[in-house]
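A.B. asks: All residue numbers for the sequence shown refer to my numbering, where the first residue is 3 and numbers rise by one.
Yeah, the Cβ is synthetic: ideal placement off N, Cα and C, and Gly gets one too.
Just so we're clear, the structure is a prediction, and the values are computed from it rather than from any experiment.
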Amino acid sequence: MRILMLQHRFFPSIGGTQEHVHILSRELVRRGHKVTVYTLNSLGNEDVLCLYLKPPFLIQKIKNPDLLEKEIIDGIEVRRFNVAIRFWSFIWTPDLFKELRKNIEKYDIIHAHGYHHLSSVYGCYLAKKRRKTFVLTGHDMLITDDLPLTARILKKIYDLCLGRYLLKNSSKIIALTEDQIEQYCKRGGDENKIKIISNAIDLKNYKKDENSVKNGINMLFVGRIEKYKGVQDVVEMMPALLESEPDITLTIVGSDGGFRKNIENLSEKLGVGDRIIFTGVISKNDLIKKYQQADIFVFPSKMEGFGIVLLEAMASGLPCVAYSIPSVRMVVQHGRTGLLAKNKEDFFENILYLLKNENVRKRMSEHALEDVKRYSIENMADLTEQVYEGGVFV
């Protein structure tokens with residue numbers, strides 16, 4: 003099959019969705035499919051300011067000089083397009099739209115990876131018009147409560163207009179979790195068109211390193227530093243945790259989503275700044291090393307589509323401490339591969355319990371390494387191919 007992926011950012015950009023599209027596309031190419039990716043000429047929010055930063059308007063062409071407009075990555079044809087206009091998080095890329103309109107007849111499948119992306123809406127419109135199979139995976143379905151009021155209003159308007167059109171006219175819709183099905187249906191999606199396919203990771207890239215040199219007990223957080231990701235909860239727990247277990251550190255890996263300064267100020271105010279390490283964005287190889295050097299993975303987000311970092315942590319043999327939300331419960335089994343918390347007090351007690359019980363950490367590590375095997379690339383690609391082959395015109 004000839005497959006076109008539509009995605010805001012692609013490798014070497016780092017992020018859960020970028021990783022998903024990359025490994026899925028690579029596996030599909032390995033199976034003999036021809037895959038093309040249309041994406042932005044952008045590595046991150048530093049290139050194209052996003053909705054939580056000002057100004058809300060950007061009317062100029064944005065181009066990252068370090069990225070090629072055309073290249074082949076792992077057999078995947080990648081085309082990058084410049085951003086012309088941004089209105090909050092809605093990005094207008096006329097060159098991408100023009101190329102899509104020109105070349106859509108070449109493809110059997112158009113697979114968009116973003117519910118709030120204008121390129122997804124336009125791709126859906128063209129696919130319907132040309133009777134092509136259009137598949138949507140909405141990695142960005144959730145709307146967080148801490149967004150500015152204007153942004154939440156705009157997204158609500160989007161849901162009622164463009165979002166509803168997108169869901170009603172997609173041939174097939176892929177949900178990452180069971181609760182995402184509810185999100186789709188609330189916005190006008192047809193449950194009969196929805197199939198759950200969880201994220202996956204390349205398991206061979208991750209492994210537990212028994213010989214890794216460690217100083218004390220290391221806790222690890224991986225993710226964009228935003229308020230809804232909840233890393234501030236763990237920072238606030240650090241004084242009490244250090245009082246009980248003085249030989250611990252917290253490493254925070256990820257890009258600044260506009261909240262890093264708040265976390266740094268909080269850590270200094272609480273007197274724990276010397277026990278918290280900020281790495282910023284790091285390479286994949288360095289990230290794998292951070293997993294191997296850690297003892298406990300903390301995932302304090304209370305609203306998440308599918309935390310692919312949970313899979314990476316489990317594949318590295320880390321027990322996970324997280325809040326008990328639906329998407330996390332799909333991955334982490336309480337008492338087996340980690341500990342799930344109902345509230346902040348539970349979260350603190352769960353971390354403390356693992357800090358004090360090395361044998362429990364080792365047992366959960368073994369279970370994590372076993373359970374993560376079901377999230378293989380091969381399984382994800384099998385299910386995705388089934389969706390492609392069963393696509394219908396709407």
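#1: If we ignore side chains and look at the alpha-carbon of each, how far apart do residue 2 and residue 137 end up?
#2: Within the same chain, show all residues whose beta-carbon is closer than 8 Å to that of residue 328, passing over the 5 residues directly before and after it, in chain order.
#3: Count the other CB atoms within 10 Å of the CB of residue 16; is the residue buried (16 or more) or exposed (fewer)?
#4: Helix, strand or coil, according to DSSP, for residue 117 in the structure here?
#5: Quick one: what's got a C-beta closer than 6 Å to residue 56's C-beta in the same chain, skipping five residues either side?
#6: Which residue wins for smallest C-alpha separation from residue 236, given the options 10, 8, 20 and 324?
#7: Using CA coordinates, which residue listed in 374, 19 and 227 is at the minimum distance from residue 206?
#8: Residues in the same chain with beta-carbon distance under 6 Å from residue 32, minus the five sequence neighbours each way, listed in chain order, please.
#9: Could you say which of 18, 10 and 36 lies nearest to residue 3 if we only look at CA atoms?
#10: Given 8 Å as the limit, is there contact between the segment 335-343 and the segment 355-374, that is, 3 or more CB pairs closer than that?
#11: Shortest alpha-carbon distance to residue 188 belongs to which of 20, 105, 204 and 165?
#12: Does residue 247 come out as helix, strand or coil in the three-state DSSP assignment?
#13: Using the Cα positions of residue 395 and residue 171, report the straight-line distance between them to the nearest angstrom.
#14: In this structure, how does DSSP classify residue 82 when only helix, strand and coil are distinguished?
#15: With a CB to CB cut of under 6 Å and the five nearest residues on each side skipped, what residues in its chain are close to residue 161?
#16: For the segment 272-308, which segments carrying the alpha helix (DSSP H) assignment without a break, of at least 4 residues, lie completely within its bounds, in sequence order?
#17: Drop a sphere of 10 angstroms on the beta-carbon of residue 281, count the other beta-carbons inside from all chains shown, and report buried for 16 or more, exposed for fewer.
#18: How about residue 8 and residue 40: are their beta carbons less than 8 Å apart?
#19: For the beta strand (DSSP E) holding residue 163, just list the boundary residues, first then last.
#20: Within a Cβ cutoff of 8 Å, which residues of the same chain sit near residue 335, ignoring the five residues on either side of it in sequence?
#21: In whole angstroms, give me the CA-to-CA distance for residue 219 and residue 297.
#22: When you compare the CB positions of residue 310 and residue 203, do they come within less than 8 Å of one another, or not?
#23: Whose C-alpha, out of 352, 139 and 273, is nearest the C-alpha of residue 114?
#24: Give me the Cβ distance between residue 226 and residue 252, rounded to the nearest whole Å; I'm assuming they're in contact under 8 Å.
#25: Let me check understanding here. Comparing Cα to Cα, which of 131, 19 and 28 lies closest to residue 46?
C.D. replies: So, to answer that:
#1: Given that the chain is displayed from residue 3 to residue 396, the structure contains no residue 2 and the question cannot be resolved.
#2: 179, 180 and 181
#3: buried
#4: coil
#5: With a pLDDT of 48 at residue 56, under the threshold of 50, the modelled position of that residue is not reliable, and the figure given next carries that caveat. Within the same chain, residue 56 has no close Cβ partners at all.
#6: 324
#7: 374
#8: none
#9: 36
#10: yes
#11: 165
#12: coil
#13: With a pLDDT of 46 at residue 395, under the threshold of 50, the modelled position of that residue is not reliable, and no figure is offered here.
#14: strand
#15: 189
#16: 286-295
#17: exposed
#18: yes
#19: Residue 163 -> no beta strand (DSSP E), and no H or E assigned at all.
#20: 369 and 373
#21: 6 Å
#22: yes
#23: 139
#24: Incorrect: roughly 16 Å between the Cβ atoms, too far for contact.
#25: 19
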